[in-house]
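Going down the list, the sequences are from chains A and B. If you want my numbering, it's the position in the first sequence, counting the first as 1, plus 404. If you want my numbering, it's the position in the second sequence, counting the first as 1, plus 404.
Number of protein chains: 2
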Amino acid sequence: MTKTKDATSASEASESPPTSGAEMPSEAAQAHRFGKARSAQSTALLEDYVELISDLLGASGEARPTDVARRLGVSHATAIKTISRLKREGLATSRPYRGVFLTEAGTALAERVRLRHRLVVDLLVAVGVPPDSAEADAEGIEHHVSDTALAAFRAFLGRGENS
Amino acid sequence: MTKTKDATSASEASESPPTSGAEMPSEAAQAHRFGKARSAQSTALLEDYVELISDLLGASGEARPTDVARRLGVSHATAIKTISRLKREGLATSRPYRGVFLTEAGTALAERVRLRHRLVVDLLVAVGVPPDSAEADAEGIEHHVSDTALAAFRAFLGRGENS
DNA sequence: CTTAAAGTGTAGCCGTTGCTACATGTTGGT
DNA sequence: ACCAACATGTAGCAACGGCTACACTTTAAG
Numbered sequence: 405m406t407k408t409k410d411a412t413s414a415s416e417a418s419e420s421p422p423t424s425g426a427e428m429p430s431e432a433a434q435a436h437r438f439g440k441a442r443s444a445q446s447t448a449l450l451e452d453y454v455e456l457i458s459d460l461l462g463a464s465g466e467a468r469p470t471d472v473a474r475r476l477g478v479s480h481a482t483a484i485k486t487i488s489r490l491k492r493e494g495l496a497t498s499r500p501y502r503g504v505f506l507t508e509a510g511t512a513l514a515e516r517v518r519l520r521h522r523l524v525v526d527l528l529v530a531v532g533v534p535p536d537s538a539e540a541d542a543e544g545i546e547h548h549v550s551d552t553a554l555a556a557f558r559a560f561l562g563r564g565e566n567s
Numbered sequence: 405m406t407k408t409k410d411a412t413s414a415s416e417a418s419e420s421p422p423t424s425g426a427e428m429p430s431e432a433a434q435a436h437r438f439g440k441a442r443s444a445q446s447t448a449l450l451e452d453y454v455e456l457i458s459d460l461l462g463a464s465g466e467a468r469p470t471d472v473a474r475r476l477g478v479s480h481a482t483a484i485k486t487i488s489r490l491k492r493e494g495l496a497t498s499r500p501y502r503g504v505f506l507t508e509a510g511t512a513l514a515e516r517v518r519l520r521h522r523l524v525v526d527l528l529v530a531v532g533v534p535p536d537s538a539e540a541d542a543e544g545i546e547h548h549v550s551d552t553a554l555a556a557f558r559a560f561l562g563r564g565e566n567s
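Here it is as structure tokens:
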């Protein structure tokens, strides 16, 4: 590390500005939250790809880059590039012109993601969100739900440990 | 590839693969959902900045780039660059060395975002997520909650229109 | 078999969001 | 008035995710 990391924390106690209504969390806590959200964002794509590939494999026995691309609404070139990233990260393998497959890690991730997705959708529906809306919203939400929250969802839905 | 229910554009119905296992949404629908999630992602940053700036303005009367940077856990250079984007998009103004301010549009956006944030947190808490977890999760989730879902949340929480 | 269509892969570009490093402006203490 | 500390701004770099354009392989049709 060069610098950059002074442990500044609550430094505003000394100042006493108007300070009226707003309750603000500590700098550190807030920064940490935002950081978490940002990093979640970076894995979200991989999760989407892995889940989709898993679905395709399950549904038709194979997952082709173009199928993936079409499902995700991106160009095939983009899909291929991201699939390369999946391979780099040890989640998938692929033989040229032979389709994409998931490694063990990839399969495990896909399973986790799928369960989480369903749980989120079910929760949304349970609190009154229309099913199609729930499905669409879950696509964006699911990547940001902590395990703690998932456990709460499960409890709320009256489920033990299973889906 | 299995086409489940709707026969949107070009699909392959000729194959009759093992199928069975998975139910997949139509290509078009799925692509649309992913696209939505992606675009939401692109506005998420702006929303975070605007909300934070609004909070800082409310709490201390001014919002300086470094404060914003520290709160978000990024370098001041990054914050300044993003604030430039806010200005480009007509959400904020700033005079050098004088801090950042929100335009009318920015203020309105901040208000909407703040309400949404609280609603999401409250819903999470209502279904049993611990408050601190709810607060952290909401930071990532809020950007992906549709108006439809928000309305459902409000109804579920037994609120009319207000927060 | 030959050829056209479709899938696959590569290269190069752009915009975004991070970062560090450096340069400049502001401000406060002495 | 000065200088040091800090805030601010700019520049350049890298990784990512998107795209189009082009090259190549496979597959399907004739």
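Backbone N, C-alpha and C fix where the C-beta goes; we use that ideal spot for every residue, glycine too.
- Using a Cβ distance threshold of 8 Å, Ala530(A) and Leu561(A) count as a contacting pair.
- Thr507(A) carries a coil assignment under DSSP once its states are collapsed to helix, strand and coil.
- Under the three-pair Cβ rule at 8 Å, the stretch 482-490 of chain A counts as touching the stretch 447-463 of chain A.
- Note that the stretch 434-452 of chain B touches the stretch 472-485 of chain A; at least 3 beta-carbon pairs, one per stretch, sit closer than 8 Å.
- In terms of CA proximity to Tyr501(A), Asp471(A) leads the group Glu543(A), Asp471(A), Gln434(A).
- Between the stretch 504-511 of chain A and the stretch 457-464 of chain A, the count of C-beta pairs closer than 8 Å reaches three or more; the two stretches touch.
- Under the three-state reduction of DSSP output, Ala496(A) falls in the strand class.
- For Gly562(A), the secondary structure class from DSSP, reduced to helix, strand or coil, is coil.
- Secondary structure at Ala473(B): helix, using DSSP grouped into helix, strand and coil.
- Sorting Arg516(A), Gly544(A), Ala514(A) by C-alpha distance to the C-alpha of Leu528(A) places Gly544(A) at the top.
- Following the DSSP letters along the chain, one finds Tyr453(A) inside the alpha helix (DSSP H) bounded by residues 431-464.
- Not one beta carbon of chain A lies nearer than 8 Å to the beta carbon of Ala481(B).
- Against chain A, the CB of His436(B) has a partner CB under 8 Å away; the residue lies at that interface.
- 8 Å or more divides the Cβ of Leu495(B) from the Cβ of Leu519(B).
- For His548(B), the chain A residues whose C-beta falls within less than 8 Å of its own C-beta are Asp541, Glu543, Gly544, Ile545, His548, listed in chain order.
- A direct Cα-Cα distance of roughly 27 Å separates Val533(A) from Ser446(A).
- Think of a sphere of 7 Å around the beta carbon of Asp452(A): the chain B residues whose beta carbon falls inside it are Phe438, in chain order.
- For Ser537(B), the uninterrupted alpha helix (DSSP H) run begins and ends at 535-545, by DSSP.
- Cβ-Cβ distances below 8 Å link Ser537(A) to Leu528 in the same chain, with the five nearest sequence neighbours on each side left out; the list follows chain order.
- Not flagged as an interface residue toward chain A: Leu513(B), since no C-beta distance is shorter than 8 Å.
- Within chain A, no C-beta atom comes less than 8 Å from the C-beta of Pro469(B); the nearest is roughly 14 Å away.
- Taking the Cβ atoms as the reference, Lys491(A) lies roughly 6 Å from Thr497(A), within the contact range of under 8 Å.
- Separation of Pro535(B) and Val549(A) (C-alpha to C-alpha, rounded to the nearest whole angstrom) is 14 Å.
- Relative to Ala463(A), the option among Val517(B), His436(B), Ser430(B) whose CA is nearest is Ser430(B).
- In summary, no residue of the stretch 490-514 of chain A has a CB separated from any CB of chain B by less than 8 Å.
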